[in-house]
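Chains A and B are the protein sequences, given in the same order. The opening residue of the first sequence carries number 2 in our numbering; numbering runs sequentially from there. The opening residue of the second sequence carries number 2 in our numbering; numbering runs sequentially from there. Every residue gets a Cβ at the ideal spot worked out from N, C-alpha and C, and that includes glycine. Note that the coordinates shown come from a computational prediction; the quantities given were computed from them, not determined experimentally.
Number of protein chains: 2
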Amino acid sequence: MAKMTPISGFPEWLPEQKLAEDRVVRTLAAVYASHGFVPIETPAVELIETLSSKGVVDREIYSIKRYHAEGEEEAALGLHFDLTVPFARYVAQHMAKLSFPFKRYQMQKVWRGERPQKGRFREFYQFDIDTIARDELPLSCDAEVLHVFLKAFKLMALGPFRMSVNSRKVLHGCYSSLGLAEAQRKAAIIAVDKLHKVGKDGVMKELGSAAGVAPDVAARILDLTAVQCAPRDFVRITGSLGISDPLFDAGVGELRDIFALIPEAFHDFILVDLSLARGLDYYTGIIFETQMTDFPEFGSVASGGRYENLASQFTSQKLPGVGGSIGLSRLMELAFTNGLLSTEQRTFAKVLVSVLSEEQRPRCNEVAEELRAEGIPVEVYFKSPKLGKQIDFAASKGIPYILFVSEDGAGIEVKDLQSKEQRLVSDLKAWGRSLLA
Amino acid sequence: MAKMTPISGFPEWLPEQKLAEDRVVRTLAAVYASHGFVPIETPAVELIETLSSKGVVDREIYSIKRYHAEGEEEAALGLHFDLTVPFARYVAQHMAKLSFPFKRYQMQKVWRGERPQKGRFREFYQFDIDTIARDELPLSCDAEVLHVFLKAFKLMALGPFRMSVNSRKVLHGCYSSLGLAEAQRKAAIIAVDKLHKVGKDGVMKELGSAAGVAPDVAARILDLTAVQCAPRDFVRITGSLGISDPLFDAGVGELRDIFALIPEAFHDFILVDLSLARGLDYYTGIIFETQMTDFPEFGSVASGGRYENLASQFTSQKLPGVGGSIGLSRLMELAFTNGLLSTEQRTFAKVLVSVLSEEQRPRCNEVAEELRAEGIPVEVYFKSPKLGKQIDFAASKGIPYILFVSEDGAGIEVKDLQSKEQRLVSDLKAWGRSLLA
Numbered sequence: 002m003a004k005m006t007p008i009s010g011f012p013e014w015l016p017e018q019k020l021a022e023d024r025v026v027r028t029l030a031a032v033y034a035s036h037g038f039v040p041i042e043t044p045a046v047e048l049i050e051t052l053s054s055k056g057v058v059d060r061e062i063y064s065i066k067r068y069h070a071e072g073e074e075e076a077a078l079g080l081h082f083d084l085t086v087p088f089a090r091y092v093a094q095h096m097a098k099l100s101f102p103f104k105r106y107q108m109q110k111v112w113r114g115e116r117p118q119k120g121r122f123r124e125f126y127q128f129d130i131d132t133i134a135r136d137e138l139p140l141s142c143d144a145e146v147l148h149v150f151l152k153a154f155k156l157m158a159l160g161p162f163r164m165s166v167n168s169r170k171v172l173h174g175c176y177s178s179l180g181l182a183e184a185q186r187k188a189a190i191i192a193v194d195k196l197h198k199v200g201k202d203g204v205m206k207e208l209g210s211a212a213g214v215a216p217d218v219a220a221r222i223l224d225l226t227a228v229q230c231a232p233r234d235f236v237r238i239t240g241s242l243g244i245s246d247p248l249f250d251a252g253v254g255e256l257r258d259i260f261a262l263i264p265e266a267f268h269d270f271i272l273v274d275l276s277l278a279r280g281l282d283y284y285t286g287i288i289f290e291t292q293m294t295d296f297p298e299f300g301s302v303a304s305g306g307r308y309e310n311l312a313s314q315f316t317s318q319k320l321p322g323v324g325g326s327i328g329l330s331r332l333m334e335l336a337f338t339n340g341l342l343s344t345e346q347r348t349f350a351k352v353l354v355s356v357l358s359e360e361q362r363p364r365c366n367e368v369a370e371e372l373r374a375e376g377i378p379v380e381v382y383f384k385s386p387k388l389g390k391q392i393d394f395a396a397s398k399g400i401p402y403i404l405f406v407s408e409d410g411a412g413i414e415v416k417d418l419q420s421k422e423q424r425l426v427s428d429l430k431a432w433g434r435s436l437l438a
Numbered sequence: 002m003a004k005m006t007p008i009s010g011f012p013e014w015l016p017e018q019k020l021a022e023d024r025v026v027r028t029l030a031a032v033y034a035s036h037g038f039v040p041i042e043t044p045a046v047e048l049i050e051t052l053s054s055k056g057v058v059d060r061e062i063y064s065i066k067r068y069h070a071e072g073e074e075e076a077a078l079g080l081h082f083d084l085t086v087p088f089a090r091y092v093a094q095h096m097a098k099l100s101f102p103f104k105r106y107q108m109q110k111v112w113r114g115e116r117p118q119k120g121r122f123r124e125f126y127q128f129d130i131d132t133i134a135r136d137e138l139p140l141s142c143d144a145e146v147l148h149v150f151l152k153a154f155k156l157m158a159l160g161p162f163r164m165s166v167n168s169r170k171v172l173h174g175c176y177s178s179l180g181l182a183e184a185q186r187k188a189a190i191i192a193v194d195k196l197h198k199v200g201k202d203g204v205m206k207e208l209g210s211a212a213g214v215a216p217d218v219a220a221r222i223l224d225l226t227a228v229q230c231a232p233r234d235f236v237r238i239t240g241s242l243g244i245s246d247p248l249f250d251a252g253v254g255e256l257r258d259i260f261a262l263i264p265e266a267f268h269d270f271i272l273v274d275l276s277l278a279r280g281l282d283y284y285t286g287i288i289f290e291t292q293m294t295d296f297p298e299f300g301s302v303a304s305g306g307r308y309e310n311l312a313s314q315f316t317s318q319k320l321p322g323v324g325g326s327i328g329l330s331r332l333m334e335l336a337f338t339n340g341l342l343s344t345e346q347r348t349f350a351k352v353l354v355s356v357l358s359e360e361q362r363p364r365c366n367e368v369a370e371e372l373r374a375e376g377i378p379v380e381v382y383f384k385s386p387k388l389g390k391q392i393d394f395a396a397s398k399g400i401p402y403i404l405f406v407s408e409d410g411a412g413i414e415v416k417d418l419q420s421k422e423q424r425l426v427s428d429l430k431a432w433g434r435s436l437l438a
């Protein structure tokens, strides 16, 4: 017998979990589609050259190789490690055939060639959205992306969540007002991003060593990370920080304008958090992360931001964008582990047509087809054993109704497996439609 | 600039093609779900040991390797080349948590590590269904799989199609009645499977060389491949072949019973075809292939059959099954190349809310949200340029309606971009609901 050891880092769900994940995916896709985002998909495989930005393979990439390659030469290929790089390549490659602003959603697996370790996925789904424009992208797009993410988390209904929001311009402005040059500011952002991992002392140390910041300035930078407030208090509170800097003012103004375009009802889910820095260097405006607040130690499950140029490595066309990514598989893992998502549903079938003898199967199939034509998923029992077995089957699958067809095929009775009531069905199609209501 | 050369064999669709593919996928999933099939998904990655049946890597497998592996030892991993092997591993591994008969659908990419060559995909979607039982699987399941496939092709509405059906038992029975031993019969099946590729002479030759069949018997085998008939004529025509063999009789009886369980309306799409043999050695009963009849040279786009034991390499539990696979990406390629599938839809949005000044954007967003609450996908224009630009945008995306919000925010007018008519909307929600009808 071959081994069946699960491979660490490659998650696999049971059917009822996959059904639950599919419901979440449909919810997300519907939200994105309702705002005019369109789906795209790219191959899992890209040239290693594409995946390696500026020639350096700086992420844990899986390369792929034909097992029976017999030494032929072919361009080196690898599995994508995120959806941003393939999306950039896609937009640059198909630019003439896309209409801008290009708003896309994309749900695909990504692979990370990491050392196997507990809790780390090496294959997982990301669900991304981005809005890209040529040359210039107004703040209405930032607001829409945030609005859509907030809606998505509300509709997934996995429990309380909070979106932390900040702006790279606000951070650069703060640090600039403290006298940091651009390279120092970038190093300071990388240091501050590690606050939750290495603590205040760790950040202090890195601000000194990597950003070359004096201890009193570093302390001031750390003070700023404590600033957290609701969107409604944000202009007042940032105004009281005593920072005078044009970049800072621009960042504050942008956030204010973005919040003004997000319906008030969603403001309670937003926290302006000046400790939020994000590690990736390409963000230039708003940045955000999303936490399930009952599970703070789990970290962010969705994040993103605004960037100046999506695809500078592929095209000279400037393509500013704003977008974000939900770590879908991680979120599902959290949901399954903590019962945040019902996995009660084990089948789409709402009705089991019992089969009392093989002679009546054709008639049972007809009955099932009549209900399916009304939009009711129906299972017909695959054998014709004693009724008890068929009722057990329906119960074990969570199918709520079981139908009995009379020997002459004319009469149909239905049993409600919850109430145990049994009654004649005079109008099958009407009864079927009543299940949809 | 990095290269953007498409990698041969890794197809990628434009957004409007992806929208069309998604519609096909929803159609297929809905058909399968309506019969009680449930979705599963397995990782793209399996142990090479799992992928290599009986220790031999006999398919073109892509192995994967961490780019920065630094010489650590880990089990060899590869990308799955079909969904059958992962499904077998899945069922064996999770057997205790599944309920049987287990009916699953599974749409995933598979990878074939082939030499790059024109027209061959190296990454593509397959959409599989299978019904698996413990120990014994009745013919009702074969009939359901065929019925579901026939429905699926009808509902995809890609043009005329035909399902060719045969039975391994019928073939073994025929060859047995001609005096062939089991090993010879298996070799004969492999030879006959190549008929459309190598022609009659080629099959004749292989029947002699590989199956050790005398020329007169080989000629008789070739004669049998000419037998084609409708399901309604099948018992009569096979009865007139003068074959007396218990396996043959059993196969004929099974096909007859299966056809009896498929609604008459679908029989016109079925052709019993004794030249159909299928190359894979695990089939034991019914076998089928499906062609788009306007494109015979394209070959089969969906195929499958009955097998005795799904997962003998993983478990001693006998798991007979019946199922099949649609080569989704190949089918989409055919559909796109030949215009079988509309790619008119370029967005889900049914309405564009125009924005005449940034001051009115919040009100425009409110209007959009009211419509979205009624289930209407709505796009709000991202900037506020002259109206002509916004109308052009709606037209280029195929959005049928454009809304204008009055300066005071109270009045809303709608323009139908097809009829060019413009009128006041007095009840926005009611108007929205009218779009759904």
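Any chain A beta carbon closer than 8 angstroms to residue i
i: residue 97 of chain B; result: no
i: residue 81 of chain B; result: no
i: residue 330 of chain B; result: no
i: residue 402 of chain B; result: no
i: residue 247 of chain B; result: no
i: residue 114 of chain B; result: yes
i: residue 36 of chain B; result: yes
i: residue 321 of chain B; result: no
Residue span of the alpha helix (DSSP H) that contains residue i, given as start and end
i: residue 86 of chain A; result: 85 to 95
i: residue 205 of chain B; result: 196 to 210
i: residue 155 of chain B; result: 140 to 157
i: residue 63 of chain A; result: Note, residue 63 of chain A: premise wrong, no alpha helix (DSSP H); beta strand (DSSP E) at 63 to 67.
i: residue 394 of chain B; result: 388 to 398
i: residue 424 of chain A; result: Here residue 424 of chain A belongs to no alpha helix (DSSP H); instead the beta strand (DSSP E) covers 423 to 425.
i: residue 23 of chain B; result: 16 to 35
i: residue 185 of chain A; result: 183 to 193
i: residue 217 of chain A; result: 216 to 225
i: residue 433 of chain A; result: 429 to 437
For residue i: DSSP bridge partner residues
i: residue 111 of chain A; result: A/125
i: residue 75 of chain B; result: Residue 75 of chain B pairs with nothing; no bridge assigned.
i: residue 44 of chain B; result: None; residue 44 of chain B has no bridge partner.
i: residue 103 of chain A; result: A/133
i: residue 80 of chain A; result: A/46
i: residue 39 of chain A; result: A/105
Short CB-CB distance (under 8 angstroms) between residue i and chain B
i: residue 130 of chain A; result: no
i: residue 46 of chain A; result: yes
i: residue 84 of chain A; result: no
i: residue 364 of chain A; result: no
i: residue 108 of chain A; result: no
i: residue 28 of chain A; result: no
Where the beta strand (DSSP E) containing residue i begins and where it ends
i: residue 417 of chain B; result: 413 to 417
i: residue 162 of chain A; result: 162 to 168
i: residue 403 of chain B; result: 402 to 406
i: residue 326 of chain A; result: 322 to 327
Every unbroken alpha helix (DSSP H) within the segment 230 to 310 of chain B, with a cutoff of 4 residues, ordered by chain: 235 to 240 and 247 to 261
Sequence ranges, beta strand (DSSP E) only - wholly within the segment 329 to 384 of chain A, length at least 3: 352 to 354 and 379 to 381
Near-chain B residues of the segment 380 to 393 of chain A (beta-carbon distance less than 7 angstroms), N- to C-terminal order: Legend: CB atoms of the segment 380 to 393 of chain A lying less than 7 angstroms from CB atoms of chain B belong to residues 380, 383 and 384.
Residues in the segment 338 to 351 of chain A having any Cβ partner in chain B nearer than 8 angstroms: Residues 347, 348, 349 and 350.
Positions along the segment 204 to 232 of chain B whose CB lies within less than 7 angstroms of some CB in chain A: none
Contact list for the segment 288 to 314 of chain B against chain A, Cβ threshold 7 angstroms: 314
Where the segment 171 to 205 of chain B meets chain A: residues whose CB sits under 8 angstroms from a CB there: none
Proximal residues, the segment 260 to 273 of chain B versus chain A, C-beta separation under 8 angstroms: 261, 262 and 264
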